[in-house]
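Read through the structure below, which is laid out as structure tokens, and then see the notes.
Numbering (this note's numbering), first residue to last: 140 to 503.
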């Protein structure tokens, strides 16, 4: 471990003082998005059949591109406000999120069913179960990273109460950790084992190892998900946590939840949050939902491999399957990945000038 400077090394007051990471959509841009989505939306058409070229984003893409760049290469997060919500149905709103993703990167699968877009809503999932996923529950979540370079989370309906988004910089946490607990630095820089929550593909093991903090060249890569570390402890062949590892986990959680380091926000309908998943840790508070189905909390999540991605550390290959820059990488391939998924990824990679690593996946 070593100290890291740069725009992703922020504290809460930095984001409050300088809000240049927040981007507002104008009424004119909102109307253009509404028009192009409604013109091209077909109720029975699969998402994979749409292409970015069908949609006119010329008036809004410059703003969205800045937001993606800020999240990817700047502070590690950005917020886009004012995307059309009232003028679009839920399915049209979902398509808008998908189309923005088509311009920004290659969407990645997100679970056992190999789904490429996730509806973040409460369907009664037990978050702490061995196969539990937070996005389908209303539970308070542990701080974690998602499974791709970038995440977009766009709000259709907010909760009746709760559901506050919490973000803490892994870069800042790295620096505080190193300054306050240098005796644990070696532990944090060695493998912790994370469960795949029974969503692994046939060529993947049920768990994988990664350090919490690791450098590749000048870039710091941060990894954390307490829930998956604890789930992995129930699996065969996973080393038991050492006392040093347990202490490291407690220290890291304490640091990233300090009020001066943890930025909080509520996403309003039409807001889109973009996060970098190797520099930012994120979480969410418990929420209470409305009774009416059409009012219940609903957000749509994309995981994206962007065309300007950077090289990752070797240890990240177990999950991302490729660590090379500008490759289609990351995601949870799951058990339903088929030729149509591969064909979509190839078309998107060609469109964005990206590479696909077709070498067989080998577990470390």
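All C-beta atoms in this analysis are idealised placements derived from N, C-alpha and C, irrespective of residue type, glycine included.
Asked: Kindly list the residues whose CB is nearer than 8 Å to the CB of residue 379, restricted to its own chain and excluding five residues on each side of it in sequence; keep chain order.; Found: 372
Asked: Quick check on this structure: which residue in 182, 199, 152 has the alpha carbon closest to the alpha carbon of residue 170?; Found: 199
Asked: Expressed to the nearest angstrom, what Euclidean distance is found between the alpha-carbon atoms of residue 290 and residue 319?; Found: 30 Å
Asked: Under a Cβ-count criterion, where at least 16 other Cβ atoms within 10 Å of its own Cβ denotes burial, should residue 184 be classed as buried or exposed?; Found: exposed
Asked: In angstroms with no decimal places, state the Cα-to-Cα distance between residue 397 and residue 447.; Found: 32 Å
Asked: I need the straight-line Cα distance from residue 506 to residue 223, nearest angstrom please.; Found: Nothing about residue 506 can be reported from this structure: the residues present for the chain run from 140 to 503 only.
Asked: At what residues does the beta strand (DSSP E) containing residue 355 begin and finish?; Found: 352 to 355
Asked: Could you check which residue in 472, 202, 311 has the C-alpha nearest to that of residue 172?; Found: 202
Asked: Have a look at 217, 374, 356 and flag the residue whose alpha-carbon is nearest the alpha-carbon of residue 344.; Found: 374
Asked: Can you name, in chain order, every residue of its own chain whose Cβ lies under 7 Å from the Cβ of residue 428, other than the five neighbours on each side?; Found: 261, 277, 298, 299, 435, 436
Asked: Does DSSP put residue 224 in a helix, in a strand, or in coil?; Found: coil
Asked: Residue 368 and residue 417 - do their beta-carbons sit closer together than 8 Å?; Found: no
Asked: Just to confirm, is the Cβ distance from residue 215 to residue 308 under 8 Å?; Found: yes
Asked: Do residue 186 and residue 504 have their beta-carbon atoms positioned less than 8 Å apart in this structure?; Found: Nothing in the structure corresponds to residue 504, since the chain is present only between 140 and 503.
Asked: Quick one: any contact between the region 463 to 480 and the region 334 to 348, if contact means 3 or more CB pairs under 8 Å?; Found: yes
Asked: Could you give the DSSP three-state label for residue 494: helix, strand or coil?; Found: strand
Asked: What distance in whole Å lies between the Cβ atoms of residue 194 and residue 238, which are believed to be in contact at a cut-off of 8 Å?; Found: 5 Å
Asked: Please determine, among 190, 150, 141, the residue with the shortest C-alpha to C-alpha distance to residue 483.; Found: 190
Asked: Would you mind giving the Cβ-Cβ distance between residue 311 and residue 150, rounded to the nearest angstrom? I have them listed as a contact below 8 Å.; Found: 6 Å
Asked: Is residue 218 closer than 8 Å to residue 294 when the C-beta atoms are compared?; Found: no
Asked: Sorry if obvious, but does the Cβ on residue 296 come closer than 7 Å to a heavy atom of the ligand MG?; Found: The ligand MG is absent from the structure shown, which contains no ligands of any kind.
Asked: In whole angstroms, what is the alpha-carbon distance linking residue 412 and residue 439?; Found: 11 Å
Asked: Under 8 Å by Cβ, that's how I've got residue 420 and residue 140 pegged, so tell me the actual separation to the nearest angstrom.; Found: Contact flag wrong, Cβ pair sits at about 16 Å.
Asked: Which residues does DSSP pair with residue 421 in a beta bridge?; Found: 283, 306
Asked: If I measure Cβ to Cβ from residue 205 and keep anything under 7 Å in the same chain, skipping five residues before and after, which residues do I get?; Found: 162
Asked: Do the CB positions of residue 442 and residue 246 come within less than 8 Å of each other?; Found: yes
Asked: Whole-angstrom Cβ separation of residue 365 and residue 388, contact assumed at under 8 Å?; Found: 6 Å
Asked: Report the option in 349, 445, 354, 321 whose CA atom is closest to the CA atom of residue 386.; Found: 321
Asked: Since residue 459 is in the alpha helix (DSSP H), which residue starts that stretch and which ends it?; Found: 456 to 459
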